[in-house]
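To start, the structure under review is shown below, and the notes come after it.
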Amino acid sequence: MNISKTTWLILGIGIFIIAIGIVGWLYLEQRSEQKTLTDSLAQANVIYPSVVSQRGDLESQLTQSETDLAEAVLLLADVEVIFPESVESIEYDEELFNIADDCDLEIIELTASEPGALEVESVTYSVTSFTVVVESDYGYSNKIIVNNMLDFVDTIATSEYFTDTTHFANATIELVNIQVPQGEEEGEPSATINLVIYGYKGE
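This is the structure we're talking about:
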């Protein structure tokens with residue numbers, strides 16, 4: 002069967018129109034995809050700085066946490082050094098007598114309680130209470146004796162006196178009672194000091 006030129010022309014035009022339609026559809030699809038990618042890129046450009054900033058914040062928090070942990074470990078080590086594992090009353094008795102002697106005072110009474118336990122934020126401390134009564138037998142005036150008693154208390158409170166094994170950084174003074182004779186009353190001034198000494202027992 003012979004196909005006329007007119008038929009070929011119509012077929013050619015039809016094929017051309019179909020091709021144009023396919024190309025147009027592909028163009029529109031590609032353009033839509035490109036727009037989607039462009040929008041996604043724009044959104045990513047907005048989100049990315051925030052993500053980077055959050056990452057920087059998290060890294061900074063992590064660094065701070067590591068620093069805090071290291072400081073806590075060092076602090077715990079310091080606590081273990083300052084607070085002995087146990088409070089040996091005989092050692093502190095000797096040191097209290099030495100301090101009193103340095104302050105020209107005499108200890109006329111010294112008692113220590115049995116060690117107890119105190120828990121503070123999951124850390125357990127041993128606790129021993131001491132009662133110390135001091136006087137002076139050096140013939141000083143009442144004013145000098147009272148000053149010596151204040152020096153005795155201050156030395157304990159400020160932990161200015163310590164040896165290699167015993168010191169009072171872990172001590173708390175709970176009571177100081179200084180009695181001074183008035184008027185024609187006889188006798189020498191006396192001071193009663195109650196202090197508590199803590200020992201580190203662990204978590």
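Counting the sequence shown from 1 gives a position; this note's numbering is that position plus 1.
We put the CB at the ideal spot given by N, CA and C, even for glycine.
DSSP places residue 149 inside the alpha helix (DSSP H), whose first and last residues are 143-159. For the set 125, 184, 133, the Cα lying nearest the Cα of residue 175 is the one of 133.
Nearest C-alpha to residue 184 among 193, 143, 64, 152: 143. The three-state reading of DSSP puts residue 183 in coil, since its state is none of H, G, I, E or B. Using a Cβ-Cβ distance cut-off of 8 Å, the stretch 150-157 and the stretch 123-132 are not in contact, since fewer than three pairs of beta carbons, one from each stretch, lie closer than that value.
Residue burial is scored here from C-beta neighbours: residue 101 has at least 16 other C-beta atoms within 10 angstroms and is therefore classed as buried. Under a 10 Å Cβ-count criterion, residue 149 is classified as buried, with 16 or more other Cβ atoms of the shown protein chains found around its own Cβ.
By alpha-carbon distance to residue 158, the top candidate from 62, 196, 128, 116 is 196.
According to DSSP, residue 178 shares a beta bridge with 193. In the three-state reduction of the DSSP assignment, residue 126 falls in the strand class, which pools E and B. By the Cβ-count criterion, residue 188 is exposed, with fewer than 16 other Cβ atoms from all chains shown falling within 10 Å of its own Cβ.
Under the three-state reduction of DSSP output, residue 139 falls in the coil class, being neither helix nor strand. Nearest to residue 199 by C-alpha distance, out of 116, 107, 147, is 116.
Taking all protein chains shown into account, residue 93 has 16 or more neighbouring C-beta atoms within 10 Å of its C-beta and is therefore buried.
Nearest to residue 128 by alpha-carbon distance, out of 62, 64, 119, is 119. With fewer than 16 neighbouring CB atoms inside 10 Å of its own CB, residue 114 falls in the exposed class.
In this structure, the beta-carbon distance from residue 194 to residue 177 falls below 7 Å. In the DSSP assignment, residue 115 falls outside any beta strand (DSSP E) and carries neither an H nor an E.
Note that the C-beta distance between residue 135 and residue 111 is not below 7 Å.
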